[in-house]
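**Student:** Take a look at the following structure, please.
Protein chains: 2
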Amino acid sequence: MPMPVRDLMRAINRAKIIQIIRTAGLVSRVELAAESGLSKASVTGITAELIKEGLIIEKQSGEYEGGRRPKLLGLNPDGAYVVGVNLSIMEINVVIMNLEADIIANTSQPLENRHYSVDEITELMVTTVQTCMWEGNFARDRISGVGIGVPGPVYTNSGIIRFLPNYGWENVNLRDRIEARLGLPCFIDNSSNTLAAAERWFGEGKGIDNFLVVTLLNGVGLGIVINGHIYRGAEGIAGEFGHNIIIPDGPLCRCGKKGCVESFAGMISLIRDAKAAAAAGKWQPADIEAITFDSLVAELKSNNKIIIDIFNQAGTILGRGASHLVALFNPSRIIVTGTSVKAGRHLLEPFKAALANNTPEMCGSIDDLVFVKEWTDEQWARGAGSLALQELYKSPVSELTTD
Amino acid sequence: MPMPVRDLMRAINRAKIIQIIRTAGLVSRVELAAESGLSKASVTGITAELIKEGLIIEKQSGEYEGGRRPKLLGLNPDGAYVVGVNLSIMEINVVIMNLEADIIANTSQPLENRHYSVDEITELMVTTVQTCMWEGNFARDRISGVGIGVPGPVYTNSGIIRFLPNYGWENVNLRDRIEARLGLPCFIDNSSNTLAAAERWFGEGKGIDNFLVVTLLNGVGLGIVINGHIYRGAEGIAGEFGHNIIIPDGPLCRCGKKGCVESFAGMISLIRDAKAAAAAGKWQPADIEAITFDSLVAELKSNNKIIIDIFNQAGTILGRGASHLVALFNPSRIIVTGTSVKAGRHLLEPFKAALANNTPEMCGSIDDLVFVKEWTDEQWARGAGSLALQELYKSPVSELTTD
DNA sequence: CCAATTAATTCAATTATTGAATAAACCAGC
DNA sequence: GCTGGTTTATTCAATAATTGAATTAATTGG
Chain A
255 MPMPVRDLMR AINRAKIIQI IRTAGLVSRV ELAAESGLSK ASVTGITAEL
305 IKEGLIIEKQ SGEYEGGRRP KLLGLNPDGA YVVGVNLSIM EINVVIMNLE
355 ADIIANTSQP LENRHYSVDE ITELMVTTVQ TCMWEGNFAR DRISGVGIGV
405 PGPVYTNSGI IRFLPNYGWE NVNLRDRIEA RLGLPCFIDN SSNTLAAAER
455 WFGEGKGIDN FLVVTLLNGV GLGIVINGHI YRGAEGIAGE FGHNIIIPDG
505 PLCRCGKKGC VESFAGMISL IRDAKAAAAA GKWQPADIEA ITFDSLVAEL
555 KSNNKIIIDI FNQAGTILGR GASHLVALFN PSRIIVTGTS VKAGRHLLEP
605 FKAALANNTP EMCGSIDDLV FVKEWTDEQW ARGAGSLALQ ELYKSPVSEL
655 TTD
Chain B
255 MPMPVRDLMR AINRAKIIQI IRTAGLVSRV ELAAESGLSK ASVTGITAEL
305 IKEGLIIEKQ SGEYEGGRRP KLLGLNPDGA YVVGVNLSIM EINVVIMNLE
355 ADIIANTSQP LENRHYSVDE ITELMVTTVQ TCMWEGNFAR DRISGVGIGV
405 PGPVYTNSGI IRFLPNYGWE NVNLRDRIEA RLGLPCFIDN SSNTLAAAER
455 WFGEGKGIDN FLVVTLLNGV GLGIVINGHI YRGAEGIAGE FGHNIIIPDG
505 PLCRCGKKGC VESFAGMISL IRDAKAAAAA GKWQPADIEA ITFDSLVAEL
555 KSNNKIIIDI FNQAGTILGR GASHLVALFN PSRIIVTGTS VKAGRHLLEP
605 FKAALANNTP EMCGSIDDLV FVKEWTDEQW ARGAGSLALQ ELYKSPVSEL
655 TTD
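Here's what the structure looks like:
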């Protein structure tokens, strides 16, 4: 389904204009012309089209600069809505969000600690979306698309989940099932990439073209943004940072190898180590079985040295791994996000220190290391929603094969 | 200097046509239309332009398929010539090559084992190019561009060499000096990227969009090809694979850290280890000081266990490092090239084995591992020439900022 | 030598961009 | 309150590229 070459130029320029408006926030037509390289005439035409479609609106008048005051254009927050759905070990999270990433409604569906079948998850996702739509008082036809984030590698084009460790799924096309049930365009990717999409659209990656997003979730992942696009590799499974082996005789990971980043720094691993330490009598939790990540964060707050050591080690491993990322990708920025940022300095300081210690000077600066401060569970779903936005507004330039 | 948007479409389509012709070799106008998505009318127009400019020619008639036989178009091998210049520890290598990577002339200038100044290297490069042109009986105006490869990180846009370990240079603009002297468009990049350009244009990366080129030279480097383009990162210094630390308490590397890939597997390191082993009496070379890489390859052939062990270790470290590359980039292919491939199986088998052992199954296949068989020193310069070709025929698509 | 078939070109129509001219909007100062 | 100067935005004819349809060219088999 290649776009007719004839329409390409318009599509490219439309995308260019949208992109500038999105990163600038508020911008006049004259500035758009200057920034895009297009003539004022073209900008007038394209913006008229976008306004007619409801994607952008004239928001306010700009500052007086000696003559007619510019009308500042901005995204129409209500120009489109998307649904974000994220699957994690704990729950299914659903949000409805607008073009400015405001969350209009959100619903979550807790999951039990057992293996679910594909049919069960499909059913739960669909009903949770429906509930969320009901609560947000939304009709289906106001939704432009649905983004789905899952904790495992995905072939994004076909929509097939290659492998889902939590439930032992292999080669499952969850996207098509959901799409068939909802009747809306659906996109699926692993959660690291959806979080990267969110950072690129709304977060710390806005306006930056080359950056990395390290995601500290149950596993450890990496979203790679290159030239403004999520890089997925040949088979769509790039970014398995969590399975870079750092200590060859380290703990066994669910990937089958020993000592990879995730085997130290994934939430699952942190909890495992904390439980092992408790079982060995190094500390006394109320109930070993009831240890959760949040309870460990509480232990950190109360200065439990054993737990602090576990997090320090995880941070150090992460930093050592990240030094490879710096050398290989030379990113403008590394953004660290995910549930585990809640651990705060006990994880992040050793991360930073190990990164600095293990990165040769010649590999460039590592100043731009950003830790996302606040993590709430709805960010997962927001990431998934961003994926839908990104796919919906993708510039056709990205489809051109180039040289 | 952004291209006027008006001319963009033509430029894109021209580049698209050239690209298809280059990868296909011989192709009819009808096939070009089908492949490019353009109409036959446009293809006629664009190819007429390209033929007039001498870039492509009608090479022969195609097979009879029931009607008029197609005229097959191909690159005009004499449509353009470029010069490639490579700087290594040993010598300056210069070639003149055509659009089919045939080497028309080549000249090399041995270097002494000492620090050269920028002026000296500039002078030597210019005179070597001039000698090569004389020998090839080439006039300056037949050369479209000059590519320069150097063994160190380069800011390609500005042409500034960030750092050249061999001679202790920092922030030197060699490109502008050469350009001023030769009066031809010059491009500069580190040798790993020029070798990647060569693989992309003429070698094992032809027609592949996402692959990695591991370069085993005095140091260890990495050329990263993403979406058909060399990826250079935010500051232009991506791909420092050689300085990924594998064994934190390993040998000291010239990068200042210990135990990085290069500290085991760079040619310099291999020679260092062989000399140390000789000094420790583990083997008896004729003259310790005279040990070169080629003499070590000879030792491998005569089954010197000590030397074999050194190469095995290097291969294993490379494989362990490469497993990270597979997990992070999910490349279609990994191409291994550079002087050290001359070491053959003693280096490459352990490489392959360690890669297999250290790559989790979930990170995808690693079947497509290609070792460039024959390495000759002129390949360095050919890589540099490919860089010039790549820059000269770059599609304007690559300049568009996208989303 | 003609019919059938495929390749390539020509040509008028369409469409997007553009520079220049025009219109609109706005403030300052008289 | 109105005029002048200035900046923003739109209009409009000209330009250039693509396209589908029609035409021409080339080729072989019967």
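Protein chains in written order, with my numbering: chain A, 255 to 657; chain B, 255 to 657.
Where a beta carbon is used, it is the ideal one built from N, C-alpha and C, also for glycine.
Owing to the predicted nature of the structure, the values given are computational and were not obtained by experimental measurement.
1. For A:P407, which of A:A452, A:C440, A:Y318, A:H497 has the nearest alpha-carbon?
2. Spatial neighbours of A:R268 within its chain, please: C-beta separation below 8 Å, excluding the five flanking residues on both sides.
3. Quick check on this structure: which residue in B:Q567, B:G520, B:I346, B:K559 has the alpha carbon closest to the alpha carbon of B:T546?
4. Alpha carbon to alpha carbon, what distance is there between B:V259 and A:M263?
5. Whose Cβ in chain B lies nearer than 9 Å to the Cβ of A:S586?
6. Quick one: Cα of B:Y485 to Cα of B:L582, how far?
7. Would A:I266 be called buried (16 or more neighbouring beta carbons within 10 Å of its own) or exposed?
8. Can you list, in chain order, the residues of its chain with a C-beta nearer than 6 Å to that of B:N481? Leave out the 5 residues immediately preceding and following it.
9. Compare the C-beta of B:L309 with all C-beta atoms of chain A and state if any pair is closer than 8 Å.
10. What is the C-beta distance between B:T469 and B:G459, in whole angstroms, given that I count them as a contact (C-beta under 8 Å)?
11. Among A:L524, A:L326, A:R416, A:G308, which one has its Cα closest to the Cα of A:D563?
12. Since A:E494 meets chain B, which of its residues come closer than 9 Å, beta carbon to beta carbon?
13. Which residue or residues does DSSP assign as beta-bridge partners of A:D443?
14. How would you write the range of the alpha helix (DSSP H) that A:M344 sits in, first residue to last?
15. In the region 280 to 297 of chain A, which residues sit with their C-beta less than 7 Å from some C-beta in chain B, listed in chain order?
16. Run through chain B and tell me which residues come within less than 9 Å of A:N464, C-beta to C-beta.
17. For B:A355 and B:W455, which I take to be in contact (beta-carbon distance under 8 Å), what is that distance rounded to the nearest angstrom?
18. What number of angstroms, rounded off, separates the C-alpha of B:S728 from the C-alpha of B:T298?
19. Take every Cβ of the region 532 to 550 of chain B, pair it with every Cβ of the region 503 to 518 of chain B, and state whether three or more of those distances are shorter than 8 Å.
20. Short check: CB of A:L600 to CB of A:N566, under 8 Å?
21. Quick one: is A:V259 near chain B, going by C-beta distance under 8 Å?
22. Strictly under 8 Å for the Cβ-Cβ distance: is B:H600 near chain A by that measure?
23. Whose C-beta lies closer than 6 Å to the C-beta of A:S517 among residues of the same chain, with five residues either side of it excluded?
24. Candidates A:Y409, A:A544, A:G399, A:S556: which alpha carbon is nearest A:A492's?
25. Nearest chain B C-beta to A:C386 closer than 8 Å, yes or no?
26. Taking 8 Å as the CB-CB cut-off, is A:N566 touching chain B?
27. Which residues of chain A have a Cβ atom closer than 8 Å to the Cβ of B:S577, listed in chain order?
28. Candidates B:T591, B:N444, B:L327: which alpha carbon is nearest B:G403's?
29. What residues in the region 505 to 533 of chain B have a beta carbon less than 8 Å from any beta carbon of chain A?
30. Starting from the N-terminal side, write out each stretch of the alpha helix (DSSP H) that is 4 residues or longer and does not extend beyond the region 496 to 581 of chain B.
31. Quick one: is A:E374 buried, meaning 16 or more other Cβ sit within 10 Å of its Cβ, or exposed?
32. A:T376: which of A:E433, A:G573, A:N584, A:G475 sits nearest, CA to CA?
33. For the region 388 to 418 of chain A, list every residue whose C-beta sits within 9 Å of some C-beta in chain B, in sequence order.
34. Which residues mark the beginning and the end of the beta strand (DSSP E) in which B:G475 is found?
35. Leaving out five residues on either side along the sequence, give the residues of the same chain with a beta carbon under 6 Å from the beta carbon of A:Q644.
36. Would you list the residues sitting across from B:S362 in a DSSP beta bridge?
**Tutor:** The structure says:
1. Ranking A:A452, A:C440, A:Y318, A:H497 by Cα distance to A:P407 puts A:H497 first.
2. These residues qualify, in order along the chain: I300, E303, L304.
3. Considering only alpha carbons, the answer is B:G520.
4. So the alpha carbons of these two residues sit roughly 9 Å apart.
5. Residues of chain B passing the Cβ test: G487, A488, E489.
6. Using only the alpha carbons, I get a separation of about 14 Å.
7. A buried status is given to A:I266, since no fewer than 16 other beta-carbon atoms sit within 10 Å of its beta-carbon.
8. Within the same chain, B:N481 has close Cβ partners D463.
9. For B:L309, the answer is no, since every Cβ of chain A falls outside 8 Å of its Cβ.
10. Wrong, their Cβ atoms sit about 13 Å apart, outside the cutoff.
11. When only C-alpha atoms are compared, the closest one is A:L524.
12. Under the 9 Å cutoff, chain B gives V580, A581, L582, N584, P614, M616, C617, G618.
13. A:G403, per the DSSP bridge assignment.
14. Annotation for A:M344: no alpha helix (DSSP H) segment contains it, and DSSP assigns it neither H nor E.
15. From the region 280 to 297 of chain A, only G291, L292 have a Cβ closer than 7 Å to chain B.
16. Within 9 Å Cβ-Cβ: Y485, G487, A488, A492.
17. So it is a contact: roughly 7 Å between Cβ atoms.
18. Here chain B comprises residues numbered 255 to 657, so residue 728 of chain B is not present and cannot be evaluated.
19. Counting C-beta pairs closer than 8 Å gives fewer than three between the region 532 to 550 of chain B and the region 503 to 518 of chain B, which falls short of the contact rule.
20. Looking at the sequence provided, one finds His at residue 600 of chain A rather than Leu. At the C-beta level, A:H600 and A:N566 come within 8 Å of one another.
21. A:V259 counts as touching chain B.
22. No, its Cβ sits nowhere closer than 8 Å to a Cβ of chain A.
23. Listed in chain order, the non-local C-beta contacts of A:S517 below 6 Å within the same chain comprise G504, P505, C507, S523, local neighbours out to five positions each way being set aside.
24. Between A:A492 and the set A:Y409, A:A544, A:G399, A:S556, the nearest pair of CA atoms involves A:Y409.
25. Closer than 8 Å: no.
26. Put simply, the CB of A:N566 is far from chain B, with every gap to its CB atoms at 8 Å or more.
27. Neighbours of B:S577 on chain A, chain order: N498, I499.
28. Of the listed residues, the one whose Cα sits closest to B:G403 is B:N444.
29. Taking 8 Å as the Cβ-Cβ cut-off, the region 505 to 533 of chain B approaches chain A at C507, C509, G510, K511, C514, given in chain order.
30. If we require 4 residues or more, the alpha helix (DSSP H) runs fully inside the region 496 to 581 of chain B come out as 515 to 519, 521 to 533, 547 to 555.
31. That one is exposed.
32. Per the Cα distances, A:E433.
33. Within the region 388 to 418 of chain A, the qualifying residues are G406, P407, R416, F417.
34. Looking at the DSSP string, the run of the beta strand (DSSP E) that includes B:G475 is 474 to 480.
35. Correct list, in chain order: A451.
36. B:S362 pairs with B:N347.
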